[in-house]
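This report concerns only the one structure given below.
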C-alpha cells in the first residue's frame with residue numbers, strides 16, 4: 079500500500095507523578111529522508127535514539143519532531159547544601175578575623191547567605207533510564223498516528239492513480255489501433271501524388287512498395303508501445319508494494335514519458351499526435367502526484 083509523505087501525528091504520556099511528555103511529528107514532501115528534532119535540554123542524550131526510532135518507519139520526507147515536557151505536578155525544586163563550600167566560607171571568615179584582629183564569630187546566617195552554599199535543584203521524578211523508555215514509547219506512538227494519516231492520504235492517491243492509469247491504457251490502445259492505419263493512409267497519399275505528378279506515365283509499383291516499406295519501418299512504434307505497457311505494469315506492481323516506492327514510480331514515469339516522446343517523433347500523423355499530447359498531459363498529472371509518495 080502506497081503512503082503519502084505528508085502527515086501529522088501527536089502522542090502524549092503522563093506518568094504517575096504528573097510529568098507529561100508531548101511528541102508531535104510533521105512531515106512534508108522531500109526527495110530524501112530528512113529528520114530534525116527539537117527536544118528539552120535534559121533529553122539531548124536521547125536524540126540519536128529518537129531519530130533512529132522515527133527513521134525505522136518513516137523513510138522519506140522532511141520530518142520535524144517536536145518534543146515538549148510538562149512538569150506540572152511532576153519534578154519539584156529542592157534546596158541542596160554545598161557543605162564543602164560552606165566550610166570553605168567558614169574557614170575564610172575565621173582567617174579574616176585573625177588577620178584583621180576582628181571580634182565575634184562567623185554566624186550561621188552569614189555563612190548561609192553566601193553564594194552557592196544553598197542551590198535549588200530539580201528533584202527529578204524519573205531517572206534517566208525511565209525517562210528514555212517513556213520518551214521512546216511516546217515517539218513510537220506518535221509515529222503510528224503519523225503513519226495512519228500517511229496511509230489515508232495514500233488511499234486517496236491510489237484512487238487517483240487508478241483512474242488516470244485507465245486513461246493511459248485507453249489512449250495507448252487507441253494509438254496501437256491507429257498505427258497500422260497511418261502506413262496504409264500514407265501509401266494511398268503517396269500513390270495519388272505520384273499519379274498526379276506522372277500523369278499517363280506507368281507507376282513503378284516496386285518502387286512505390288519500397289518507399290512505403292521504408293516509411294513503415296521508420297514509423298514503426300510497436301517496440302515503444304510494448305515498453306510503455308511494460309513500464310505501466312511495473313507501475314501497477316509498485317502501487318501494491320509494501321515498501322517505499324516513490325522514487326521507483328518517478329523513474330517509471332520518466333521512462334514512459336520517453337517512450338511517448340519517441341512515438342510522437344516517429345508518427346507523422348495528426349490523430350496520433352493528438353493522442354500523444356493527451357498521454358503526456360496525463361503522465362504529467364501523475365508525476366505531480368507521485369512527488370508526494372513515500
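In the numbering used here, the protein residues as written are 79 to 372.
Beta carbons: idealized from backbone N, C-alpha and C, even for Gly.
So, at 6 Å on beta carbons, what are the nonlocal neighbours of residue 347 in its own chain, with the 5 sequence-adjacent residues on each side left out? 260
State the Cα-Cα distance for the pair residue 162 and residue 86, rounded to the nearest angstrom. 51 Å
Please classify residue 197 as buried or exposed, where buried requires at least 16 other C-beta atoms within 10 Å of its C-beta. exposed
Give me the Cβ distance between residue 100 and residue 148, rounded to the nearest whole Å; I'm assuming they're in contact under 8 Å. 7 Å between Cβ atoms; contact.
Reduced DSSP secondary structure (H/G/I, E/B, other) of residue 94: In this structure, DSSP gives residue 94 a state outside helix and strand, which the three-state scheme calls coil.
According to the Cβ coordinates, are residue 330 and residue 306 closer than 7 Å? no
Three-pair Cβ contact test at 8 Å for the segment 180-199 versus the segment 101-121: no
Drop a sphere of 10 angstroms on the beta-carbon of residue 120, count the other beta-carbons inside from all chains shown, and report buried for 16 or more, exposed for fewer. exposed
For chain B, check one thing: does any of its Cβ atoms lie closer than 7 Å to the Cβ of residue 188? Absent from the structure: chain B. Only one protein chain is present.
Specify, as a first and last residue, the run of the beta strand (DSSP E) that residue 146 falls within. 139-148
What does residue 159 pair with, by DSSP beta-bridge criteria? 196
Determine, using beta carbons only, whether residue 141 and residue 128 come nearer to each other than 7 Å. no
C-beta atoms of residue 302 and residue 241 nearer than 7 Å: no
Which value, in whole angstroms, describes the spacing of the CA atoms of residue 171 and residue 122? 41 Å
Reducing DSSP to helix, strand and coil, say where residue 245 ends up. helix
Exposure label - residue 249; buried when at least 16 CB within 10 Å: So residue 249 counts as buried.
Could you have a look at residue 112 and say whether DSSP puts it in helix, strand or coil? strand
Could you tell me which of 356, 80, 336 sits nearest to residue 246, measuring between CA atoms? 356
Near residue 124, what residues of its chain come up, given a Cβ to Cβ distance below 7 Å and the 5 sequence neighbours on each side ignored? Exclusion of the five residues before and after residue 124 leaves 210, 213 as the residues of its chain whose Cβ lies within less than 7 Å of its Cβ.
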